[in-house]
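Asker: Everything in the sequence shown is counted per the working numbering, starting at 4 for the first residue and increasing by one.
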Amino acid sequence: MRRPLRKVIFPAAGMGTRFLPATKATPKEMLPIVDKPLIQYGVEEALAAGMGKVIMVTGRGKRAIEDHFDISAELESNLNETGKHALYETVSAVSRMVEISYVRQKHALGLGHAVLCAAPWVGDECFGVSLADELIISDVSAMQQLREVYEQTGGSVIGLAHVPETEVNRYGMVDAVEEDGLLRLRDMVEKPAVGESPSDMAMIGRYIFTPRLLELLASTERGIGGEIQLTDAIARLAHEEPVYGVLIEGERFDAGNPLGFLTANTILGLRHPEFGDALRSIIKKNL
Ligand code: UTP
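1. May I ask you to check if the CB of R21 is nearer than 7 angstroms to at least one heavy atom of the ligand UTP?
2. Using a Cβ-based criterion (distance less than 7 angstroms to any ligand heavy atom), does Q108 qualify as near the ligand UTP?
3. Could you tell me whether the Cβ atoms of I139 and G19 are closer together than 8 angstroms?
4. Considering only their Cβ atoms, is the gap separating V132 from V118 smaller than 8 angstroms?
5. Taking the alpha helix (DSSP H) that K287 falls in, what are its first and last residues?
6. Confirm the yes/no value for this check: CB of K39, any heavy atom of the ligand UTP, distance under 7 angstroms.
7. Looking at M204 and L163, is the spacing between their C-beta atoms short of 8 angstroms?
8. What's the gap between the Cα of L23 and the Cα of K109?
9. State yes or no: is the C-beta of G17 nearer than 7 angstroms to some heavy atom of the ligand UTP?
10. If you draw a straight line from the C-alpha of S75 to the C-alpha of S95, how long is it?
11. By the 10 Å Cβ neighbour count, where 16 or more other Cβ atoms means buried, how is D127 classified, buried or exposed?
12. If you count every other CB in all the chains shown that lies within 10 Å of the CB of E168, and 16 or more means buried, which is it?
13. Could you tell me whether the region 194-201 touches the region 210-221, using the rule of 3 or more Cβ pairs below 8 angstroms?
14. So the alpha helix (DSSP H) V94 belongs to, where does it begin and stop?
15. Over what stretch of residues does the beta strand (DSSP E) that includes P123 continue unbroken?
16. Under the rule that 16 or more other beta-carbon atoms within 10 Å means buried, what is D136, buried or exposed?
17. Might you give, ordered along the chain, the residues of its own chain that have their beta carbon closer than 8 angstroms to the beta carbon of P7, omitting 5 neighbours on each side?
18. Select from P276, N260, F256, E277 the residue whose C-alpha is nearest the C-alpha of A267.
19. From M191 to H275, what distance separates their C-alpha atoms?
20. By a C-beta neighbour count over all protein chains shown, 10 Å radius and 16 as the cutoff for buried, is K27 buried or exposed?
21. Short of 8 angstroms in beta carbon distance, which residues of its chain neighbour F278, apart from the five on each side in sequence? Order them along the chain.
22. List the residues that DSSP assigns as beta-bridge partners of T61.
23. Identify the continuous alpha helix (DSSP H) that holds V80 and give its terminal residues.
24. Name the DSSP beta bridge partners of I139, please?
25. Find out if the Cβ-Cβ distance for the pair Y105, E69 is shorter than 8 angstroms.
26. For a test of your reading of the model: does the CB of A135 fall under 7 angstroms from any non-hydrogen atom of the ligand UTP? Yes or no.
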């Protein structure tokens, strides 16, 4: 029997500097892809993996995320009264979707620090971490793909993707070996210089951890950029106990920067059953 896996942390307290000024007063996790904010895609993905206890680590713009997942009595009764029943269902379903707790990261000291802020809520259970600005569209939920390796091994599991050599300086990059048909991670390095990465496999914002990760994070010193780096704590974890990697099957969009965001909106917009055809002809006219 594996330890239960029900909880997932969504760090959402970063500065979002790559997307300023849009993210000055709005968290980037609330930016919409077609008609849903990024964070909702992330929550739905976690739910599809059976992880229905969510903790959001928030900073500025906390209200927008809280309000999004809360009941909006005024809006819901307006939709009902005006006969917009389908929209009423859509809106009210969001507030019933999931159980959410909120914790505030007072200073943006890095992703590792954001995860550590949620430690009291995690206790000694295994847990997930999901970065909602990395949008993953897949048949099997990305978190579920991690979960399958977790169920098999009981160890920590990290979502990976191959990236071009010129982009290794944007990611935590891993050193991995194949072991019994699984990828076992030996080491990882945050944003290595081009030409200095141990492989072409990057960590892409989906993680399942044993609770030991939190103990290691608590004693992890500030690293690159003066931030407490999650990658540094994972490297320590991998030296102590098995940490596995999974190459995620699906489409990935780094929607935390304008180009990735526009790409996601265009591609998912073109596929949309209602707007797809109209969008296609607008784009054609403007080429
Ligand atoms: P990013 O580096 O992608 O987010 O962090 P950022 O710092 O907001 O973005 P830029 O680089 O300035 O544009 C990955 C995730 O970690 C969260 C972010 O919200 C994002 O989901 N994060 C980062 C925190 O919650 N706290 C932090 O101190 C840093």
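Built from N, CA and C at the ideal position, the CB exists for glycine as well.
Answerer: Let's see:
1. Checking every heavy atom of the ligand UTP against the Cβ of R21, one is found closer than 7 angstroms.
2. Yes, Cβ of Q108 sits closer than 7 angstroms to a heavy atom of the ligand UTP.
3. The Cβ atoms of I139 and G19 do not sit closer than 8 angstroms to each other.
4. Yes, the pair counts as a contact, with Cβ atoms nearer than the cut-off.
5. K287 -> alpha helix (DSSP H) spans 279-288.
6. Flag unset: Cβ of K39 not near the ligand UTP.
7. Yes, Cβ-Cβ distance for L163 and M204 is below 8 angstroms.
8. Straight-line Cα distance between these residues: approximately 20 angstroms.
9. For the ligand UTP, a non-hydrogen atom lies closer than 7 angstroms to the CB of G17.
10. CA-CA distance, S75 to S95, rounds to 8 angstroms.
11. It counts as exposed.
12. Exposed, since its Cβ has fewer than 16 Cβ neighbours within 10 Å.
13. The region 194-201 is not in contact with the region 210-221.
14. In the DSSP annotation of this structure, the continuous segment of the alpha helix (DSSP H) that includes V94 starts and ends at 88-99.
15. Run containing P123: none in the beta strand (DSSP E); it sits in the alpha helix (DSSP H), 122-125.
16. Here D136 is buried: its Cβ has 16 or more other Cβ atoms, across all protein chains shown, within 10 Å.
17. These residues qualify, in order along the chain: E128, C129.
18. Distances from the alpha-carbon of A267 to those of P276, N260, F256, E277 put F256 closest.
19. If I take the Cα positions, the gap works out to 38 angstroms.
20. Of the residues assessed, K27 falls on the exposed side of the cut-off, its CB having fewer than 16 other CB atoms within 10 angstroms.
21. Within the same chain, F278 has close Cβ partners V37, G272.
22. Paired residues: A15, R107.
23. First, the amino acid is wrong: residue 80 is Ser here, not Val. Taken as a continuous stretch (DSSP letters only), the alpha helix (DSSP H) holding S80 covers 76-84.
24. DSSP, once it has assigned bridges, lists R255 as partnering I139.
25. Yes.
26. Set against 7 angstroms, the gap from the CB of A135 to the closest heavy atom of the ligand UTP is smaller.
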